[in-house]
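*Asks:* One structure, pasted below without further comment.
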């Protein structure tokens, strides 16, 4: 029984250490700073490559959630189809390039300002 408890404790410690090393990525867009994003990507990265695609997918999910709330409020929704994935990635990356001290999440305002609005 003591060996099992020790094994569980050891696995927990290793998992915690691994988690802390990859914290920025496990937190997603909401926890990632622009400096971190810029350090692991480049302007020429395809939006279909691993990290840019994760960022674009998260952005699309965020806008979709906003649209659900806006629909319930009878407000115009954001048209996700009004921007391509290339445009969304370029906007996020461009925001971070201009604002390396900000969080990636703060670039959402810029993206949503560029999207067309649909009638409620």
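Numbering (my numbering), first residue to last: -3 to 116. Glycine is no exception: its CB is placed at the ideal position from the N, C-alpha and C atoms. Just so it is clear, the structure is predicted and the values come from calculations on it, not from any experiment.
#1: DSSP three-state label for residue 39, please.
#2: Helix, strand or coil: which one does DSSP assign to residue 29?
#3: To the nearest angstrom, how far is it from the Cα of residue 91 to the Cα of residue 102?
#4: Of all the options 40, 98, 56, 52, which has the alpha carbon lying nearest to the alpha carbon of residue 76?
#5: Which runs of the beta strand (DSSP E) spanning at least 3 residues fall entirely within the stretch 50 to 91, listed in chain order?
#6: Need the endpoints of the alpha helix (DSSP H) that residue 109 sits in, please.
#7: Just to confirm, are residue 43 and residue 82 a CB contact at a threshold of 8 Å?
#8: Are the beta-carbon atoms of residue 107 and residue 84 separated by less than 8 Å?
#9: Out of curiosity, what's the CA-to-CA distance linking residue 37 and residue 71?
#10: Got a sec? Which residues, its chain only, sit under 7 Å from residue 110 by beta carbon, not counting five neighbours each side?
#11: Does the separation of the CB atoms of residue 120 and residue 28 fall below 8 Å?
*Replies:* Here's the rundown:
#1: Coil at residue 39, not helix or strand.
#2: The three-state secondary structure of residue 29, taken from DSSP, is strand.
#3: Residue 91 and residue 102 have their alpha carbons spaced roughly 9 Å apart.
#4: Comparing Cα positions, the closest option is 56.
#5: Taken in chain order, the complete beta strand (DSSP E) segments of 3 or more residues contained in the stretch 50 to 91 number zero; there are none.
#6: First-last of the alpha helix (DSSP H) with residue 109: 104 to 110.
#7: Residue 82 sits close to residue 43, with the two beta carbons spaced by under 8 Å.
#8: Contact: yes.
#9: Distance between the alpha carbons of residue 37 and residue 71 is about 36 Å.
#10: A distance below 7 Å between beta-carbons, with the five flanking residues on each side excluded, links residue 110 to the following residues of its chain, in chain order: 79, 87.
#11: Past the edges of the chain, shown from -3 to 116, lies residue 120, and the structure says nothing about it.
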